[in-house]
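Just so you know, the sequences run in chain order A, B, C and D. Heads up: the first sequence begins at 1 in UniProt numbering, then just goes up one per residue. Heads up: the second sequence begins at 1 in UniProt numbering, then just goes up one per residue. Heads up: the third sequence begins at 1 in UniProt numbering, then just goes up one per residue. Heads up: the fourth sequence begins at 1 in UniProt numbering, then just goes up one per residue. Every residue gets a Cβ at the ideal spot worked out from N, C-alpha and C, and that includes glycine. Here the structure is a predicted model, which is why all the values come from computation and not from measurement. Report on the following structure.
4 protein chains.
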Amino acid sequence: MQIGMVGLGKMGGKMAERLRRGGHDVVGYDRDPAVSDVSSLEELAERLQAPRAVWVMVPSGEPTRATIEALAGVLSPGDLIVDGGNSHYVDDQRHGAELSAKGIGFVDCGVSGGVWGLENGYALMVGGEPAEVERVMPIFQTLKPEGEDGFVHAGSIGAGHFAKMVHNGIEYGMMQAFAEGWELLEASDIVKDVPGAFKSWRQGTVIRSWLLDLMVRALEEDPDLERLEGYAQDSGEGRWTVKAAVDLAVPLPVITAALYARFASRQDDSPAMKVVAALRNQFGGHAVTSRAGSVEKGADSPGADVAPPPEATG
Amino acid sequence: MQIGMVGLGKMGGKMAERLRRGGHDVVGYDRDPAVSDVSSLEELAERLQAPRAVWVMVPSGEPTRATIEALAGVLSPGDLIVDGGNSHYVDDQRHGAELSAKGIGFVDCGVSGGVWGLENGYALMVGGEPAEVERVMPIFQTLKPEGEDGFVHAGSIGAGHFAKMVHNGIEYGMMQAFAEGWELLEASDIVKDVPGAFKSWRQGTVIRSWLLDLMVRALEEDPDLERLEGYAQDSGEGRWTVKAAVDLAVPLPVITAALYARFASRQDDSPAMKVVAALRNQFGGHAVTSRAGSVEKGADSPGADVAPPPEATG
Amino acid sequence: MQIGMVGLGKMGGKMAERLRRGGHDVVGYDRDPAVSDVSSLEELAERLQAPRAVWVMVPSGEPTRATIEALAGVLSPGDLIVDGGNSHYVDDQRHGAELSAKGIGFVDCGVSGGVWGLENGYALMVGGEPAEVERVMPIFQTLKPEGEDGFVHAGSIGAGHFAKMVHNGIEYGMMQAFAEGWELLEASDIVKDVPGAFKSWRQGTVIRSWLLDLMVRALEEDPDLERLEGYAQDSGEGRWTVKAAVDLAVPLPVITAALYARFASRQDDSPAMKVVAALRNQFGGHAVTSRAGSVEKGADSPGADVAPPPEATG
Amino acid sequence: MQIGMVGLGKMGGKMAERLRRGGHDVVGYDRDPAVSDVSSLEELAERLQAPRAVWVMVPSGEPTRATIEALAGVLSPGDLIVDGGNSHYVDDQRHGAELSAKGIGFVDCGVSGGVWGLENGYALMVGGEPAEVERVMPIFQTLKPEGEDGFVHAGSIGAGHFAKMVHNGIEYGMMQAFAEGWELLEASDIVKDVPGAFKSWRQGTVIRSWLLDLMVRALEEDPDLERLEGYAQDSGEGRWTVKAAVDLAVPLPVITAALYARFASRQDDSPAMKVVAALRNQFGGHAVTSRAGSVEKGADSPGADVAPPPEATG
């Protein structure tokens, strides 16, 4: 079928390619004229036959919002927009209502697959009215991986991105679980072949998974991960997961701990730990590492006392 | 090769069967004469040709300890014991030292695979001296899954069980991550097809894994998990993981949270939360759910005041 | 000075009383005519001399919003509203902007003190323009405790409730710390006199605090907290604290854990733990506690095997 | 009464002084002859009249163990040793049994009070047989603060240090709660007067406490805590608390999070976060901060694509 694709970056460009390989007629628009088939959204609308379907694949938040608003200005009643970006489900619900007022349909679609999607297909989690989801089903069929899985129509508008958000929350927890296991193995001197242990787990174990496969690959390239810093961004979906859980009074200790570990990894120094150091200094005369690099003698400072006394307290 | 197998329960029995299918000569001993090839450990030692190899597959802790001590009394210098149970790595180190004093070799082997191992093979994590590991390599080769993974000689004595312990710690974190994701999806009314979302994730996503496959199977059998209670045992290895981390000053927030969630699941009522309720009652006159089922009127109790006031505090 | 007080419930009624004892002229309004000085907000506005000051002391959220909107309709430019409820700081900023457009001033004030405030005074955390805060300073001076502390002008509009929100977040963490300590003492059979231990900590220790005093009182009334269920509400400010932290990428592991413990305390059964139970059942044939109360025999079920085998895994 | 004091460091020296001010006859021993009253433990035993009482105030672990063993060699049946250090309760139970075999009594005593104890008294948590505790009660009476609290006979041997251990666990949680609150206030730009907010909380609030007083003092000396690094030791008792909880299946999310925050504060770089970074790089081509300081272009790297695409995943 024919579809417009707005945003031909790393994700959108590859998805357009997979769709073309699948026989679809893709008209692409991007701010970069070098990769764009049309020079404007107006031209995109002209090139597409009504009723039109346009897939939006730009960053979530303001860029997606601006793109959907601009499209609403050039599309017609009966047309349909699919938001394939990483939008917040709350934004979906607003977008759906605004477009509905203009007679334009809206489907949200969470996409997983990353750089591997072109060849292997993209996992798609979709929200929207059944009739509208049905209209773009040929597109979904081509984008998704072969086989019976990799696609779900999860519910009405917002359900696709909500499901994708929870997927990412689970991913945060799984990644942190592997990370903690690796750190513990490295900290102990008992297991000598840590990459070998990870590799061995790929068969016959409970934790075998694609993330484990990636972990093995990473350790093959850099067995002690010496070339990396312990620094991790978060993409927003982890935060939304935690905030949704707080709103729903659902305890998420593991996913939240994984998110907080990422927050902490980006701090040069922990502000909270300055407070702990300050309090320890106040009540116990504990040794404190000061900015100047000198160390004050404290109760637990070796050599401070002839017979080193026990600490007064923690 | 020839091997003795002590403990022919659910795990040991199936492992003996897999070994026999692989052409090995297994002499089994169990307390239950109905499944045992010999009537005593003495007879087991007689039936095996020196230098003997005996695989111990009984519960960790006291049963394993007692079995190894009894074997030490009937085996000879040059013989070898493999502990395939879920022993603590600290116990391994003690067992290894005690057996070494008698000239008996010792190898520890963490085993993963559960009820699926007979057909698919068992993942094996092994610790011990290279020469001793080499002696029982034919056994390991038969037990492990086909393919290049599923086996690691992780280090010296204790390294096998340490690696298995960490594997289980990672498993705790992964399971809890899936569990939290499911709870959040169920708590929200946005995603209508929760089993469908999990099923869709089996292809093209970052979280695809054997645990996800099992989750899909569980949801196929019982879509809302209505037939289960939210109650989970822990097997000891999660506890050892956390204690090892505490000893090594390694922060394990996710694995620990997963362990604590299991602890909490087994409490009829949370003692800690009684304290929180008691304190809230003391400072704020907050509504308290008492044992008697009656609810005292408190500051946040609707109807307690004509114009319900804000809470004084948390 | 003269002030209107809207909301004469448990908090507002006592604050009005403390203000009258301090010589202020308080005109109170409540939906309950039995405690109200005037029959409507219109009459309240008539009774107060311009420029008027009105303290709003009703539940946060919709009741506060509706009250402020209604007051905006009866007050005049130059008047001032103080929101003493537990409002979200984001609501304050909206209320401030809306009132400013009508020439009406706005000050937000977080209040701590609970049922003890009438006698001991209320801790006040205030946000707003300096000139407007100054106008109601006589009121703050009377409400606050004697002494140099108990009052802060923390910043512009929203700062008062933000500071109160963080105060409550800290309170959540402290309460949970005491709660965990008590649970651990009770779980061990080493310390026989748990109430005595708490009482002893009131002097000379690092943890002496008002919450400890309350804890001692609670244990005097009910030494084993038998009369309470482990069930705790949360007032909203804990949730806002966590959400603010997530927005600001600040890790709050302790405050969040305290909030989640409250969430979990209100669940009859943990949905997440059903998943853990289901997964354990899938991979290991682990014993599962089913709704029907029967227990399936599993790998770790005593008696399931003649020589109980080790668990396959966690 | 007469008492020997072994260990005259920062804690023991001040305790000896408080005892002398209280009229007791203290014979002190320290490895440093400059502060010691006797030149050896033998001489200490000679100087004390039987039945002797000796207070041991040296670091926990090996120093305490060695001191108690040495004392056991010079004391006589009927004598009594008090361990006032921060010993593990498990060590107490071993020491008690070993001394009992020689007819020597043993009392364990957890001490809180730090550098403030000389003037204000020390909080004492005591374990042991009633008759033996009674024998040294005059010493406890002088050491403890004035007033009815500050002392508990918590149970038999080990109960004193167990209670002190839990006290310190609670302390960890409380300190972290204040620390997180401060970090959140600092991270937001809404509250301008953070030290003022803390100071205000000293009266009328739920969180007023000695730790808050110390926090206010610390912020008076260094309002932004600029002179400190976010680096905190742990004294061992936090670790024991967590391990005791794991043994007893008691969930301690807050105290554990506080301990882990200290562990993390001492890491230059988080090993676990290297794994998260490595995995993100593997699956998403996410930007990675490498050791060399250069940043690889990734999916979320501004400028990497003309229309920046959404991330494939978290």
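*Limits of the unbroken alpha helix (DSSP H) element including residue 317 (chain A)*: Nothing can be reported for residue 317 (chain A), as the shown portion of chain A is limited to 1 through 314.
*Determine, using beta carbons only, whether M125 (chain C) and S200 (chain D) come nearer to each other than 8 Å.*
yes
*Could you give the DSSP three-state label for V166 (chain C): helix, strand or coil?*
Here V166 (chain C) carries a helix assignment [DSSP, helix/strand/coil].
*Look up G110 (chain C) in the DSSP assignment and give the residues it is bridged to.*
Note: G110 (chain C) sits in a beta bridge opposite C:M125.
_Contacts that A123 (chain A) makes with chain B (C-beta to C-beta distance below 7 Å)_ = S200, W201, Q203, G204 and T205
*What is the residue span of the beta strand (DSSP E) that H95 (chain B) lies within?*
Looking at the DSSP string, H95 (chain B) is not in any beta strand (DSSP E); the run it does join, the alpha helix (DSSP H), is Y89 to A101.
*Distance between beta carbons of V6 (chain B) and residue 316 (chain B), contact taken as under 8 Å*: In the structure as shown, chain B starts at 1 and stops at 314, and residue 316 (chain B) therefore has no counterpart that could be examined.
_Beta-carbon neighbours of M15 (chain A), restricted to chain B and to distances below 9 Å_ = Around M15 (chain A), no beta-carbon contact reaches into chain B at under 9 Å, the shortest distance being about 12 Å.
*CB of A45 (chain B) within 8 Å of CB of G28 (chain B), strictly*: no
_If I measure Cβ to Cβ from M174 (chain A) and keep anything under 8 Å in the same chain, skipping five residues before and after, which residues do I get?_
S209 and L211
*When you compare only the Cα positions, how much space is there between G238 (chain B) and G12 (chain B)?*
Going by the C-alpha atoms only, they are around 22 Å apart.
*May I have the straight-line CA-CA distance separating A163 (chain C) from A154 (chain C), to the nearest angstrom?*
Between the C-alpha atoms of A163 (chain C) and A154 (chain C) there is a straight-line separation of about 7 Å.
*asked:* Alpha carbons only, please: which of D:P51, D:D92, D:L8 and D:A50 is nearest the one belonging to D32 (chain D)?
replied: Ranking D:P51, D:D92, D:L8 and D:A50 by Cα distance to D32 (chain D) puts D:L8 first.
*asked:* Does the CB of K274 (chain D) have a neighbour CB from chain B at under 8 Å?
replied: Judged by the 8 Å Cβ criterion, K274 (chain D) is not in contact with chain B.
*DSSP puts W55 (chain D) in a beta bridge; with which residues?*
D:M5 and D:V82
*Terminal residues of the beta strand (DSSP E) in which D25 (chain B) lies*: D25 to Y29
*Assign M165 (chain D) to buried or exposed, taking buried as 16 or more other Cβ atoms, counted over all protein chains shown, within 10 Å of its Cβ.*
buried
*For a contact meaning CB atoms closer than 9 Å, what does P145 (chain C) contact in chain D?*
Q203 and G204
*asked:* On the DSSP letters alone, give me the boundaries of the beta strand (DSSP E) that G155 (chain A) sits inside.
replied: F151 to G155
*Should the region 225–235 of chain D be called in touch with the region 226–246 of chain C, which here means at least 3 C-beta pairs below 8 Å?*
no
_What does DSSP give as the partner residue(s) for S40 (chain C) in the beta ladder?_
None, per the DSSP bridge assignment.
*asked:* I'd like to confirm the pairing. Which residues does DSSP put opposite S270 (chain A) in its beta bridges?
replied: S270 (chain A) pairs with nothing; no bridge assigned.
_D30 (chain D) versus A245 (chain D) - alpha carbon distance_ = 36 Å
_Quick check on this structure: which residue in D:M137, D:A159 and D:E146 has the alpha carbon closest to the alpha carbon of G128 (chain D)?_
Nearest option by C-alpha distance: D:A159.
*asked:* Output needed in chain order: residues of the region 128–152 of chain B with a Cβ under 8 Å from some Cβ in chain C.
replied: none
*Could you please give the first and the last residue of the uninterrupted alpha helix (DSSP H) stretch that includes G117 (chain B)?*
G117 to N120
*Work out the CA separation of V216 (chain D) and P251 (chain C) for me, nearest whole Å.*
22 Å
*asked:* Please report the straight-line C-alpha distance between C109 (chain B) and Q176 (chain B), rounded to a whole angstrom.
replied: Using only the alpha carbons, I get a separation of about 26 Å.
*What is the rounded straight-line gap between the Cα of Q282 (chain C) and the Cα of L214 (chain B)?*
Between Q282 (chain C) and L214 (chain B), the C-alpha separation is close to 6 Å.
*Tell whether a beta-carbon distance below 8 Å holds between L80 (chain B) and E43 (chain B).*
Contact: no.
*asked:* So, for residue 316 (chain D): in the same chain, excluding its five sequence neighbours on each side, which residues have a beta-carbon less than 6 Å away from its beta-carbon?
replied: The first residue shown for chain D is 1 and the last is 314, placing residue 316 (chain D) beyond what the model contains.
*Would DSSP call S60 (chain B) helix, strand or coil?*
coil
*Just mark K102 (chain D) as buried or exposed, buried being the case when its beta carbon has 16 or more other beta carbons within 10 Å.*
K102 (chain D) counts as exposed, since fewer than 16 other C-beta atoms from the protein chains shown sit within 10 angstroms of its C-beta.
*For R208 (chain B), return the contacting residues in chain D, with the cut-off set at a CB-CB distance below 8 Å.*
For R208 (chain B), no chain D residue has a C-beta closer than 8 Å to its own C-beta; the minimum C-beta separation is roughly 11 Å.
*Of the residues A:V276, A:P77 and A:R262, the one placed nearest P271 (chain D), counting alpha carbons only*: For P271 (chain D), the nearest C-alpha among the options comes from A:R262.
*asked:* the ligand GDP and F162 (chain A): does the residue's C-beta get closer than 7 Å to at least one heavy atom of that ligand?
replied: Absence of the ligand GDP is noted for the structure shown, with no ligands found whatsoever.
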